[in-house]
Amino acid sequence: MAKTTGKSLVIVESPAKARTISKFLGKDYQVEASIGHVRDLPEGKKDVPDKYRDEPWAYLGVNVDDEFQPLYIVPTDKKKQVAKLKAALKDASSLYLATDEDREGEAISWHLHELLKPKVPVHRLVFHEITKEAITEALETTREIDQGMVRAQETRRILDRLYGYDMSQLLWRKVGSGTSAGRVQSVAVRLVVQRERERIAFVRATYWDIEALFETRSKEPLSATLSSLDGKRAPSGKDFDPDTGKPTREDLLLLDEKGASELATRLKSTDFTVSKVEVKPFTERPRAPFTTSTLQQEANRKLGFTAKRAMGAAQKLYENGYITYMRTDSTTLSKEAISAARNLVRTVYGEKFLHPDVRVYAGKVKNAQEAHEAIRPAGTNFRTPESIRGELDPDQFRLYDLIWKRTVACQMADATKQRSSISISGGGAVFTATGTSILFEGFLRAYVEGSDNPEAELADKERLLPNVSEKDPLDAKEMEAKSHTTQPPARFTEASLTRTLEEKGIGRPSTFASIIGTITDERRNYIYKKGNALVPSWRAFSVTRLMEEHFGPLVDYEFTADMEDFLDSISRDETGFLEYLKRFYFGDDSDAKNNIGLKPRLEKKLDEIDPRVTAKFSLGTPEDDPEFREEVFVRVGKFGPFLEQGERKAPIPDGLPPDEMDLVKAMELLASAQVEEEPIGTHPETGKPIYVKVGRFGPYIQLGAPDDDEKRNQSLLKGMAIEDLTLEMACKLLELPRTLGNFPDNDQPIQAFDGRYGPYIKCEKDTRSLPAGVSPLEVTLDEAITLLRQPKTRGRATPKEPLRVYEEKSPVNEGEVKILDGRFGPYVTDGDVNASLPKGVDPKDLSFNSALDLLAERLAKVGTKKKKKATKKKAAKKATTKKKTAKKKATKKKTAKKKGVKKKP
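Right, here's the structure in full:
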């Protein structure tokens, strides 16, 4: 091999990581970014090379007939970057592949090696944090590419492609466009649907007890709750069957409102004494340092971050050298990290807050190759959050603060608490008061664990009870009868769904954010958020039922978890992958347990599945309605869910959760829809009937009978109520768009519209929004002319001033980097790529490096498509200019000829 004198080429995934690493490596190294994956399976048949396009497996991008050979291509938007890497490698003396240390990172390194075909020494560079010490150590301990991890990633990619593409095609045909299935996605949707089914099946129960307010001899208040009467225990929510609402035991004190009120009145005049005082000390230990999963959960609970938002901030913190690698399922810390945490406890909180022994946390680590260390601040001296606040955007700062506190707290002393219980007796009744006091804060001085349940979190806070002794008399000041209603199981939040997926072994920590992002994607219409809760749509119910009834193993929790274990075993070189793929796709009768046979099963089910059955859900039959006695169903149709009872139909309003759609609600909606079938009057000009209807997106007016092919609809204006709508107002609405007259400046008509973003006027292509309070039904021609003559406040005609302009230029195109105020909020741009700012981030707080990170992420997603568009436009403009110039010359020549002017030699 010829000796070269060039630099060593180091390739990482992201520009941000490249910038950070280059600071530590010096002039002998050139650091470049692959910007994610450089090769992948084709997205569809259109991306498949011509010679394979007619193959029956081409749409999959996997040759299922030849040992599941994947067909890899370089995506169009990555070709420029690959060419850049090849050019950099030409003069390099060696190649360091420094992608992330998980399966995806290992696969990227392998693809780079296959694509670049290096003729110089190749080293796999791995590190857990981006610090000078870590990079220096990694350079001294390079290794080969781990083929086991590469095969595991490749097998996962092939499995996901076979499952996703073939199942999604069936769902499109049987459920509707936009539906999709996935190895982990479909199981996650099933979990959310199953929880909603439990809520639908839940039968509420109401029970009564008494809350009392006593006063001690020293005039201190003491609140207590009735716990028993004459030996019968007062019930709590867990004493009732969730399926029937009936009590699960017979020895309970079951009071109704009248009985509870009479008892409260009687006990008000009873003498009470303290019958028992119990004090029990207990300790609380700090939680383990963060794994990927627990970080996502806690960021959701404490900071309100989605999994995607948390991982986005963590990725930037890692790439810029602030924290260790953020994809891990390990809770262990290195000796250096433990030493750093313990030193911080001493200096920040004091020796008494330090646990006497080094704490070691054991975790369930199934794949030792991928789990190295917990997420913690980088380096051997953890920088305090306040010391780096100015270097981070708000999301990054809040997440770093969370990681720093959790890491430091894990080496702190236990918190010592005391639980107190006071029993109060009188008149056969026993009341109980409980309290908690903190004797020593310990680790709580630094960190308090969040909670999925705000009420539980409040209950855990310190509650002090007055000092009393047994036989002390108490004065009953208040006795109040209180009703309680049992509550259905809480819906999943992102945090609790992440925890459940992890507990069941479904997916891997690094995939949880993308899983939740996929199932909540509006285009699929599977899961939406109501507050922080995840609510399944009726479409999710339909898809889940179809999968359960016809493809049960594919959404079986245990099967999906076993598949994850299988992928882990491949990465450890403990098993092969080919036989598994064959069983999964083609089937194998000799292995009943693992025999999926996706392809033959799909072929069989294509004719067997009746979408009218899987998309139909019974709500029951009304028993007390003399006129409408047919069974009521929810049907999931092409344009959304609707109710059906015989010939009667009614749309289900958007945002109404399935557990709120019971028979009573359904009958109300059906009755309301029937009223809509009666016209409110007749249009004076057309003679057609006018109806007021309620659709998925709210109330609207329909001109024409239901079977009229020329009927048209018009939404009500914002703020209009159905009950206030008159025939005259309906006729005015049907005039929209309303022609006001001609614009004197160009003699073209001006029209008033009610649009998606509010009312506006339009003249040719020129538009203006109507000011608040001005209706499109009432705006005058003079008002419209005045508005049109005013300059636009938004849009290209009068661009807004940038919110911020950075001094440094873009390292990608040398363009000016600035933040602009867009239609959907602020965004950063370098002239070629635009990237929205994360929700809640103030432009003045966004550092230059963070701005570049956002642009790099956006570039990785959209590639250079925008630039190509611009180039085409420019070329078209150039061609038009040439055409105009030629025309101008021809006219000039013709004029000169007429005048007798001779052409110059």
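Residue numbers for the sequence shown follow the working numbering, so the first one is 732 and each next one is one higher.
Ideal Cβ positions, reconstructed from N, Cα and C, are used throughout, including at glycine.
Residue i burial status per 10 Å Cβ neighbour count (16 or more: buried)
i: Pro1353; result: buried
i: Tyr1131; result: buried
i: Trp1640; result: Residue 1640 cannot be examined here, being either before or after the span of the chain that is shown, 732 to 1636.
i: Ser911; result: buried
i: Arg874; result: exposed
i: Leu756; result: buried
i: Thr1291; result: buried
i: Asn1031; result: buried
i: Lys905; result: buried
i: Asp1320; result: exposed
i: Thr1517; result: exposed
i: Pro1372; result: buried
i: Phe1579; result: exposed
i: Ala1212; result: buried
Beta-carbon proximity list for residue i, same chain, < 6 angstroms, skipping 5 on both sides
i: Lys748; result: Glu1050
i: Val1266; result: Tyr1259, Pro1388
i: Glu1009; result: Ser1152
i: Lys1615; result: Here the model assigns Lys1615 a pLDDT of 46, short of 50, so the residue's position is not dependable and the matter cannot be decided.
i: Ala1515; result: Leu1471, Ile1481, Ile1492
i: Gly737; result: Asp822, Ala823, Ser824
Boundaries of the alpha helix (DSSP H) in which residue i is found, first to last residue
i: Leu1312; result: 1309 to 1316
i: Met898; result: 878 to 905
i: Lys1261; result: Lys1261 -> not in any alpha helix (DSSP H); beta strand (DSSP E) instead, spanning 1258 to 1261.
i: Asp1293; result: 1288 to 1302
i: Pro1204; result: Unbroken run through Pro1204 is the beta strand (DSSP E), 1204 to 1216; no alpha helix (DSSP H).
i: Tyr1049; result: 1038 to 1050
i: Gly990; result: 988 to 999
i: Phe755; result: 746 to 756
For residue i, the nearest candidate out of the options (CA to CA)
i: Asp897; options: Arg882, Gly775, Ala1221; result: Gly775
i: Ile804; options: Leu828, Ala1038, Val779; result: Val779
i: Asp1299; options: Ser1245, Leu1309, Arg1239, Lys1335; result: Arg1239
i: Arg1535; options: Asp1287, Asp1576, Leu1196, Ser1241; result: Asp1576
i: Glu1289; options: Pro773, Gln761, Asp771, Val915; result: Val915
i: Ala919; options: Arg834, Leu1519, Ile876, Met1278; result: Met1278
i: Ile1421; options: Asp1513, Thr1345, Asn1444; result: Asn1444
i: Leu893; options: Lys1330, Asp781, Pro1415, Ala1221; result: Lys1330
i: Gly1173; options: Leu1196, Pro1197, Asp1145; result: Asp1145
i: Pro973; options: Thr1217, Ser1541, Pro1108, Val1423; result: Thr1217
i: His1086; options: Asp1476, Lys738, Glu1122, Thr1014; result: Thr1014
i: Gly1450; options: Ala1264, Ala1503, Lys977, Lys848; result: Ala1503
i: Pro1507; options: Leu1465, Met1042, Tyr1558; result: Leu1465
i: Asn1263; options: Leu922, Val1274, Thr1251; result: Thr1251
i: Leu922; options: Ala1483, Arg1222, Pro1574, Glu1029; result: Arg1222
i: Arg1107; options: Ser1070, Ile1432, Lys1083; result: Ser1070
i: Tyr1178; options: Glu1391, Tyr1311, Lys1313, Lys1033; result: Lys1033
i: Gly1429; options: Glu1310, Val1363, Lys1442, Ser1446; result: Ser1446
i: Pro1410; options: Gln1028, Val762, Leu1458; result: Leu1458
Start-to-end residues for the beta strand (DSSP E) that takes in residue i
i: Trp1646; result: With the chain running from 732 to 1636 in the structure shown, residue 1646 is simply not present.
i: Arg1379; result: 1379 to 1382
i: Gly1371; result: 1371 to 1376
i: Ile1327; result: Premise fails: Ile1327 is in no beta strand (DSSP E) and is neither H nor E.
i: Gln1142; result: Careful: Gln1142 lies outside any beta strand (DSSP E) and carries neither H nor E.
Close Cβ partners of residue i (< 8 angstroms) along its chain, the five nearest in sequence each way excluded
i: Leu998; result: Ile941, Ala943, Gly1157, Gly1158, Ala1160, Ala1207, Met1210
i: Thr830; result: Ile742, Val743, Glu744, Ser765, Gly836, Glu837, Ile839, Ser840, Leu843
Contact set for residue i: own chain, Cβ-Cβ below 7 angstroms, skip 5 residues either direction
i: Thr751; result: Ile861, Glu1050, Asn1051, Gly1052
i: Phe1272; result: Val924, Phe1348, Pro1389
i: Ile1340; result: Lys905, Leu1277, His1281
i: Leu983; result: Lys963, Arg964, Pro966, Asp970
i: Thr956; result: Asp940, Glu942, Phe1162, Thr1163
i: Phe1084; result: Val1076, Met1143, Ala1144, Gly1173, Arg1176
Check: residue i C-beta below 8 angstroms from any heavy atom of the ligand NAD
i: Tyr1178; result: Within the structure as shown, the ligand NAD is missing, as the structure has no ligands at all.
Chain C contact for residue i (CB, 9 angstroms cutoff)
i: Val1363; result: Protein chain content of the structure displayed is limited to a single chain, and chain C is not contained in it.
ask   = Which runs of the beta strand (DSSP E) fall wholly inside the stretch 1422 to 1485 and span at least 3 residues, in chain order?
value = Restricting attention to beta strand (DSSP E) runs no shorter than 3 residues, the stretch 1422 to 1485 encloses them at 1429 to 1434, 1443 to 1446, 1469 to 1474, ordered along the chain.
query = In the stretch 1062 to 1121, which residue ranges form an unbroken alpha helix (DSSP H) of at least 4 residues, counting only runs that do not cross its ends?
reply = 1066 to 1075
key: Runs of beta strand (DSSP E) lying entirely within the stretch 815 to 885, each at least 3 residues, in chain order   = 825 to 828, 853 to 855
message = If we require 3 or more residues per run, which beta strand (DSSP E) segments fall completely within the stretch 1223 to 1268?
response = 1258 to 1261, 1264 to 1267
task = Mind listing, in chain order, the continuous alpha helix (DSSP H) runs of no fewer than 4 residues lying wholly within the stretch 1494 to 1520?
result = Here the runs fully enclosed are 1512 to 1520.
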